Ligand SMILES: [Fe+2]
Ligand SMILES: [Fe+2]
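Residue numbers (this note's numbering): 8 to 313.
Structural data, given as structure tokens:
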């Protein structure tokens, strides 16, 4: 075990998941995706503890940020804190609806991961003194004030409607494919991992929030494993039922414009150029698009134009 708060030696830290986005061979559609049991076994080997993270330096750093920087950082982090809480709940009906026991066992581990991610953010927010509320529920309510409207559309209307369909009928495979496309490909694959990449990079360059960065690297590794499941699931489903390529395509067409708006902070006007965590919106979009393209190639789908 490395010293608490120390930087993680990356090496194969992320690529062990076989997430196609991390592998150049995915540009040619060539990646050996792990199967569900291998993904489960990887989860057993990749455990981590939120209670071991040391936020002492983070508390000092946060106090030293100017008010405007705190507000900007808060927006990015709030989307994650609330997002983790939403996906923990929404994964329940998806797990029950998965057609095989191997898939259900893996998705059960993912529910535990998402709950750990909620605890990670909760611990960061309370120890660093970012929010005033006393309880987890209170902190979630306080942080939701920082979200933009596109976030609600994506999580509540788009993903929420599929999850409600699955809760009513666990055999609705079309709803499950749509939910996995939204959850694993768009929300985790494009939004969460893109945000995580740039937020970690920015803090490492600035030398800020070391406890947070360490924990967020563990969160990102979990997310790569989740997305690797999503890619495997979608590839397996369309291999059996090729007509569902269209289901994935349609869901992406419906959601990509909204996902793009989630990347845009609420204080930025539609035509404004801006940098967030040290990168432009175009760089952020390019990173998200490359990740999506690689995963879709492996699934057998050329990406929808965005
Ligand atoms: Fe998560
Ligand atoms: Fe996740």
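Beta carbons: idealized from backbone N, C-alpha and C, even for Gly.
Only a predicted model underlies this, so the values are computations on that prediction, with no experimental measurement involved.
Does the Cβ of residue 121 lie closer than 8 Å to at least one heavy atom of ligand 2? Position 114 of the chain shown, counting from 1, holds the residue named residue 121. Yes.
Applying the 10 Å Cβ sphere with the 16-neighbour rule, what's the burial state of residue 39? Taking the first residue of the chain shown as position 1, residue 39 is located at position 32. Looking at its Cβ environment, which holds fewer than 16 other Cβ atoms inside 10 Å, residue 39 is exposed.
Should residue 120 be labelled buried (16 or more other beta-carbon atoms within 10 Å of its own) or exposed? For this step, residue 120 is matched to residue 113 along the chain shown. So residue 120 ends up on the buried side.
Would residue 34 pass as a contact of residue 292 if the rule is Cβ separation under 9 Å? Reading the chain shown from its first residue, position 27 is the one you call residue 34. Reading the chain shown from its first residue, position 285 is the one you call residue 292. The answer is no: Cβ separation not under 9 Å.
Measuring only from the beta carbon, is residue 193 closer than 8 Å to any heavy atom that is part of ligand 1? The sequence position of residue 193 within the chain shown is 186, counting from 1. For ligand 1, not one heavy atom lies less than 8 Å from the Cβ of residue 193.
Proximity test, residue 269 beta-carbon vs ligand 2 heavy atom, cut-off 8 Å: The count along the chain shown starts at 1 and reaches residue 269 at position 262. Because no heavy atom of ligand 2 lies under 8 Å away, the Cβ of residue 269 does not count as near it: no.
Residue 91, buried or exposed, once every other Cβ within 10 Å from all chains shown has been counted against 16: Counted from its first residue, the chain shown places residue 91 at position 84. Buried.
Contact check, residue 110 vs residue 43 under 8 Å by CB: the rounded distance? One-based indexing of the chain shown puts residue 110 at position 103. One-based indexing of the chain shown puts residue 43 at position 36. Between residue 43 and residue 110 the Cβ distance is about 6 Å, and since that is below 8 Å, they are a contact.
Compare the beta carbon distance of residue 195 and residue 233 with 9 Å and say whether it is the shorter of the two. Start at 1 with the first residue of the chain shown, and residue 195 comes out as number 188. Start at 1 with the first residue of the chain shown, and residue 233 comes out as number 226. The answer is yes: Cβ separation under 9 Å.
Cutoff 8 Å; reference residue 269; Cβ partners in own chain excluding five residues on either side: Here residue 269 corresponds to residue number 262 of the chain shown, with the count starting at 1. The answer, listed in chain order, is 86, 155, 157, 158, 161, 198.
In or out: residue 9 buried (at least 16 other Cβ within 10 Å) or exposed? Within the chain shown, numbered from 1, the residue matching residue 9 stands at position 2. Reliability fails at residue 9, whose pLDDT of 38 lies under 50, so the model's placement of it is uncertain and the value that follows must be treated cautiously. Burial call: exposed.
List the DSSP bridge partners of residue 287. Translated into the one-based positions of the chain shown, residue 287 becomes position 280. According to DSSP, which records beta bridges pairwise, residue 287 is partnered with 282.
Quick one: is residue 54 buried, meaning 16 or more other Cβ sit within 10 Å of its Cβ, or exposed? Looking up residue 54 in the chain shown gives position 47. Exposed: under 16 other Cβ atoms inside 10 Å.
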